[in-house]
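Below is one structure, written out as structure tokens, with a few remarks after it.
Protein chains: 2
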Amino acid sequence: MATQPKREPRTEPARATEGMLYEQVAQKLHEQVTNGVYRQGERVPSVRRLSDQLEVSISTVIEAYRRLESQGVLEARPQSGYYVRARLWQPPAQPEISKPPCSPTSVSVSALALKVLRASREPDVLQLGVAVPHTSLLPIKQLNGILARIARRDAGRGGGGYDFPPGSPELRRQIARRALDAGCTLSPEDIVTTSGCQEALSLCLRAVAKSGDTVAIESPAFYGTLQTIEQLRMKAIEIPTCPRRGISIEALELALDRWKVKACMLVPNFSNPTGALMPEERKKRLVQLLAEREVPLIEDDIYGDLSHRAPRPKAAKSYDRKGLVMLCSSFSKTLAPGYRVGWVVPGRWREQIEHLKYINTMATATLPQLAIAEFLERGGYDHYLRKVRAQYAQGVERMTHAVSRYFPDGSRVTQPTGGFVLWVELPKQVDALELHRRALARKILIAPGGLFSPKQAYRHCIRLTCAVPWDERLDRALVTLGRLAEELT
Amino acid sequence: MATQPKREPRTEPARATEGMLYEQVAQKLHEQVTNGVYRQGERVPSVRRLSDQLEVSISTVIEAYRRLESQGVLEARPQSGYYVRARLWQPPAQPEISKPPCSPTSVSVSALALKVLRASREPDVLQLGVAVPHTSLLPIKQLNGILARIARRDAGRGGGGYDFPPGSPELRRQIARRALDAGCTLSPEDIVTTSGCQEALSLCLRAVAKSGDTVAIESPAFYGTLQTIEQLRMKAIEIPTCPRRGISIEALELALDRWKVKACMLVPNFSNPTGALMPEERKKRLVQLLAEREVPLIEDDIYGDLSHRAPRPKAAKSYDRKGLVMLCSSFSKTLAPGYRVGWVVPGRWREQIEHLKYINTMATATLPQLAIAEFLERGGYDHYLRKVRAQYAQGVERMTHAVSRYFPDGSRVTQPTGGFVLWVELPKQVDALELHRRALARKILIAPGGLFSPKQAYRHCIRLTCAVPWDERLDRALVTLGRLAEELT
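Those protein sequences? They're chains A and B, same order as listed. Each residue of the first sequence is one higher than the one before, counting from 0 in numbering that gives the first Met the number 0. Each residue of the second sequence is one higher than the one before, counting from 0 in numbering that gives the first Met the number 0.
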């Protein structure tokens with residue numbers, strides 16, 4: 000370094016690349032903090048020094064440091080530089096890997112789910128029980144503006160005629176472009192649009208399995224998946240799942256050896272409810288294992304774009320060489336739940352899914368598809384993602400902190416690196432269903448753990464949503480929840 | 000009459016009632032023409048005379064006569080009065096009552112349906128094969144205008160959050176109000192909105208029957224129904240059906256005696272494809288019969304509002320006393336196919352349907368529901384219906400005429416009094432699938448008869464859509480179709 004000549008101000012080629020670059024710089028430093036290279040309270044390299052070390056411009060480093068500051072990783076001290084922010088509290092331990100029963104079982108969560116769903120409709124309830132972002136966190140205003148313009152511009156296209164499956168070509172083109180971020184090289188023809196991710200999941204399951212068949216799932220698992228399995232009268236085999244690294248592939252292999260598993264239905268990226276992220280190597284092994292056995296993987300990637308750090312993780316689909324992975328997603332967690340626009344890349348079941356979509360709902364509503372396609376085309380999505388990822392990272396951190404302060408000793412909580420839900424394991428004796436009831440009486444909705452397994456296990460667990468703006472009411476609600484949980488210990 | 004004192008100009012109480020009144024007058028006279036009280040070329044009563052006879056205002060009679068003129072029933076002759084229009088051609092005979100096989104069977108129409116569906120997506124094909132109104136016949140512009148306003152006004156409501164089942168309260172309130180026209184007294188709570196009628200039908204079938212069960216259907220029957228039965232691995236028992244008066248209730252009773260029928264799935268008002276309208280008395284008997292056996296009726300009323308004459312027929316649901324009729328409909332044939340807004344009144348399966356809707360697609364898109372609700376509230380729907388009913392009556396008449404002129408001798412065609420599809424029975428030796436192929440090669444899409452029964456019977460029949468604007472291209476296409484059919488005799 001000392002031999003370097005007098006430095007010219009560096010410039011990076013293009014704006015787009017620079018945007019990527021500062022994120023890469025931020026991520027690199029964040030990793031070093033995570034790995035303990037820089038500890039709490041320590042000073043990180045000066046802007047000039049890091050600019051030299053990484054051979055990037057001063058402004059890129061400044062942007063990266065500001066980003067890390069807004070994420071609560073660094074703090075700026077006047078006339079001194081940037082320091083690793085001291086966490087004044089210790090996050091609670093994370094839950095252990097789950098140990099579900101090791102044989103297929105029928106599912107019965109529907110009645111409970113309907114009860115929770117109904118409570119979610121009451122307008123004056125604090126919504127910590129459904130995984131739906133608060134409206135203020137969504138770019139609805141821009142989207143609705145685009146939609147309104149399209150509606151006025153093109154009456155024929157917008158409402159007349161059905162947008163028959165596979166759905167809007169404009170939207171499928173945009174989805175194919177973005178899929179590269181998840182490591183998938185797709186053509187618009189590979190994609191079928193759906194009325195949300197739930198329809199996509201349901202169609203996939205109907206395409207590859209029938210009543211009585213067994214489906215391998217995470218434990219705990221998304222209750223939409225469980226209810227679909229229940230409604231189709233299939234059976235579920237739960238696979239032990241680590242709240243950090245996702246399902247145990249070894250356990251899955253044993254299950255495949257022992258039972259006739261017709262499909263595997265997972266959320267590899269930021270699973271709901273644990274937020275587990277399968278490392279790339281494990282995703283790859285998962286896809287290989289299923290390919291050897293010719294078992295289809297129904298991949299729910301609805302949270303993939305909501306990684307707290309860029310770049311987002313790859314989809315398991317990106318490792319698929321045999322068309323066995325059916326990739327499902329939607330814009331309901333990122334753009335507009337009420338638009339009901341999702342999609343599926345059905346691999347070798349392309350034809351069946353197109354047809355099932357037609358039988359199920361004939362077509363997806365046209366205008367919402369066109370509005371999202373235009374939003375994606377204009378580049379608004381990336382801008383939005385950058386903002387909201389930081390917001391969710393902060394929301395998760397704050398709620399984790401609240402749990403650590405207000406909840407009973409011995410509570411454990413996940414530390415997701417994407418998405419916006421927390422899975423809280425309360426002391427064994429706490430009846431989460433009773434907690435749900437008492438909280439609801441105080442206008443707070445939480446999701447009881449029983450929702451997340453076929454026979455309503457996890458009776459001492461709850462799921463909390465962090466996609467709500469932080470305010471006093473929320474803080475008070477978490478105090479109340481902690482107190483109610485304490486009463487039940 | 001002669002003793003009547005000097006007449007004061009009559010006034011009817013309110014504008015709304017008057018609107019009803021002139022329609023009633025028109026209908027009364029139309030019935031007299033149909034019944035031969037007035038024959039072709041005969042003069043009908045003068046305006047003044049009918050005003051006296053019926054004790055309605057002059058202006059009401061004038062409006063009624065104009066209506067009948069626009070429907071092609073009467074013609075005005077200057078300085079002379081109104082005459083029954085002479086039909087210069089004789090409509091072909093109608094098809095006879097169907098005689099389907101009398102035992103339950105599995106269904107296999109999906110592959111054929113997918114083929115026809117795909118052809119319907121080609122933009123330069125004349126669309127006579129799908130039952131979708133041409134955009135110019137739909138009030139899309141007004142609807143899109145309303146939708147755009149709502150989108151700009153209320154970002155939170157329009158796109159953020161899910162409109163969880165049972166769906167938009169505004170829309171359910173409007174549907175409940177309108178249901179009176181179909182003889183149904185409903186509360187908004189009785190209704191669940193869906194992503195089109197197809198989802199409603201599919202959810203109903205899933206609620207009341209399971210794989211292997213038998214469902215009674217019309218013959219010929221709507222292919223959406225057939226494909227749903229096929230996809231759910233159920234069986235269909237076809238009931239002999241008259242193209243004028245719908246299914247034979249006697250035959251249905253025999254089928255119920257002999258087989259374990261789990262549900263009956265019908266289009267009592269203007270069935271697709273025959274346009275059959277079950278007389279009220281038969282609908283009532285149907286509902287009674289099914290009530291005795293505790294068999295649910297899934298009623299598809301999607302064409303009910305498109306009766307060519309007001310008032311529209313009652314829904315079978317209006318005779319339901321046991322909550323056994325599940326009434327399904329949508330706005331796809333009347334307002335906006337691309338909005339994907341339908342609904343179901345599930346009777347005693349209210350709870351199951353709400354839950355199935357949630358599992359199937361989570362929610363119906365919000366903005367389209369709100370736009371339709373506002374359109375209905377403003378009264379735009381009635382105005383639109385008056386116009387479009389006359390258009391479809393004329394479209395049906397014109398196409399029937401073309402069939403009578405251009406199609407091979409011995410062809411039969413239905414005479415629907417509502418909706419916009421014609422069912423044409425060609426001479427036995429015509430292979431309708433081959434006709435479909437040859438027509439498609441000439442950029443004309445028709446629906447081959449095989450689509451409308453479980454084992455692709457009706458191989459010499461086709462369905463034609465009359466909801467296309469009449470122009471030279473259409474006329475030429477019908478000449479071509481006739482010639483192609485002739486070649487196949």
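Note that CB positions come from ideal geometry on N, CA and C, so glycine has one too.
Excluding the 5 residues flanking it on each side, B:Val324 has same chain C-beta neighbours closer than 7 Å at Val286, Leu296, Glu298, Ala315, Lys316 and Gly346, in chain order. In this structure, the alpha-carbon of B:Thr399 lies about 8 Å from that of B:Leu421. Of all alpha-carbon atoms in B:Glu376, B:Glu252, B:Gly274 and B:Ser328, the one lying nearest the alpha-carbon of B:Cys101 is that of B:Glu252. Counting C-beta pairs closer than 8 Å gives three or more between the region 271 to 285 of chain A and the region 239 to 253 of chain A, which meets the contact rule.
Here the region 343 to 362 of chain A lies against the region 220 to 238 of chain B, with 3 or more beta-carbon pairs under 8 Å apart. In the three-state reduction of the DSSP assignment, A:Asn268 falls in the strand class, which pools E and B.
Secondary structure of B:Leu326 (DSSP, three-state): strand. Counting the other CB atoms within 10 Å of its CB gives B:Thr184 a total below 16, which places it among the exposed residues. With distances taken between CA atoms, A:Pro426 lies nearest to A:Val402 out of A:Leu73, A:Gln197, A:Val402 and A:Ala178.
According to DSSP, A:Leu463 shares a beta bridge with A:Leu421. Among the residues facing chain A, B:Leu113 is included, as its CB has a counterpart in that chain under 8 Å away. For B:Lys140, the enclosing alpha helix (DSSP H) begins and ends at Ile139 to Arg152. The beta carbon of B:Ala484 is closer than 7 Å to those of Phe406, Pro407, Leu425, Val429 and Leu434 in its chain, skipping five residues each way along the sequence. Residue state for A:Ala364 is assigned as coil, using DSSP reduced to three classes. If you keep only unbroken alpha helix (DSSP H) runs of at least 4 residues inside the region 69 to 120 of chain A, you get 109 to 119.
Annotated three-state conformation of B:Trp342 is strand, per DSSP. Taking a cut-off of 8 Å on C-beta distances, the region 142 to 155 of chain A does not touch the region 271 to 283 of chain A, as fewer than three cross pairs fall below it. Taking 8 Å as the cut-off, the beta carbon of A:Leu127 is found no closer than this to the beta carbon of A:Ile371. The residues Leu67, Val72 and Arg308, in chain order, have a CB closer than 7 Å to that of B:His29 in the same chain once the five nearest residues on each side in sequence are set aside. Taking every protein chain shown into account, the CB of B:Gly40 has fewer than 16 other CB atoms within 10 angstroms, so this residue is exposed. Closest in C-alpha terms to A:Arg42, from the list A:Ser56, A:Ala75, A:Gln52 and A:Gln70, comes A:Ala75. If you look at B:Asp299, you'll find it in the beta strand (DSSP E) that goes Leu296 to Asp299.
Against chain A, the CB of B:His354 has a partner CB under 8 Å away; the residue lies at that interface. The C-alpha of B:Glu217 is placed about 9 Å away from the C-alpha of B:Pro267. Taking 4 residues as the shortest admissible run, the region 211 to 263 of chain A contains the following complete alpha helix (DSSP H) segments, listed from N- to C-terminal end: 222 to 230 and 248 to 257. At a cut-off of 8 Å between C-beta atoms, A:Val131 counts as an interface residue with respect to chain B.
Near chain B, meaning a CB-to-CB distance below 8 Å, no residue of the region 244 to 277 of chain A qualifies. Within the region 154 to 166 of chain A, Ala154, Gly155, Gly157, Gly158, Gly159, Gly160, Tyr161, Asp162 and Phe163 place their CB atoms closer than 7 Å to a CB of chain B, listed in sequence order. It is roughly 14 Å from the alpha-carbon of B:Pro44 to the alpha-carbon of B:Glu54. Rounded to whole angstroms, B:Tyr222 and B:Glu198 show a C-alpha spacing of 14 Å.
Shortest Cα-Cα distance from A:Ala254 to any of A:Pro99, A:Arg47, A:Thr192 and A:Pro94 involves A:Pro99.
For the C-beta of A:Gln226, the chain B residues within less than 9 Å are, from N- to C-terminus, His354, Tyr357 and Ile358. Between A:Ala275 and the set A:Ile236, A:Ala220 and A:Ala476, the nearest pair of CA atoms involves A:Ala220. The beta carbon of A:Glu198 falls within 8 Å of a beta carbon belonging to chain B, placing the residue at that interface. Residue contact check for A:Met361 against chain B: a CB pair falls below 8 Å.
The distance from the Cβ of B:Pro453 to that of B:Thr104 is about 5 Å, consistent with a contact at the 8 Å cut-off.
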